[in-house]
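Written below as structure tokens is the structure these notes are about.
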Amino acid sequence: MRMRALTLVAVLFCFAAPARAIEAPTPFQADLERLSEILGALHYLRTICGANEGQKWRNEMQALIDAEAPNGDRRARMIANFNRGYHSFQQTYSSCTPAADLAIRRYLEEGAKIARDVTARYAN
565 MRMRALTLVA
575 VLFCFAAPAR
585 AIEAPTPFQA
595 DLERLSEILG
605 ALHYLRTICG
615 ANEGQKWRNE
625 MQALIDAEAP
635 NGDRRARMIA
645 NFNRGYHSFQ
655 QTYSSCTPAA
665 DLAIRRYLEE
675 GAKIARDVTA
685 RYAN
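Residues in the sequence shown are numbered consecutively from 565, following the working numbering.
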């Protein structure tokens, strides 16, 4: 009887879902998540303010994901932050306003600073 129980446990173990590898957070993960949120905000704001850039900021986000190659939870958090940045301004602005222009300028500055700082601190 004990042998059957062990065999059953072994069989169940073989059919269990594979364990997800837990990717350790990078020391700059918070910066990447903030940058993702900024890119999402810029994707929305630049469009309503007539920048005619098409998918530029979404493509920048894709390039960031491609360069970082995060897996699982890290990737999901970066994408969620991009979407949060986009949707937070979508709920607030339906047209370009002076406040939207100011937000664009501030986000361009903050995003550039994050990119510089992360590159300077962690690049090989």
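The C-beta atom is built at its ideal place from N, Cα and C for all residues, glycine as well.
Apart from sequence neighbours up to five positions away, the residues of its chain that approach residue 667 with a beta-carbon distance below 8 angstroms are 605, 609, 653, ordered along the chain. A straight line joining the alpha-carbon of residue 657 with that of residue 664 spans about 8 angstroms. Assignment of residue 645 by DSSP, reduced to helix, strand and coil, places it in the helix class.
In the structure shown, the three-state DSSP call for residue 634 is coil. Going by C-alpha positions, residue 640 is about 15 angstroms away from residue 595. The Cβ atoms of residue 645 and residue 597 sit closer than 8 angstroms to each other.
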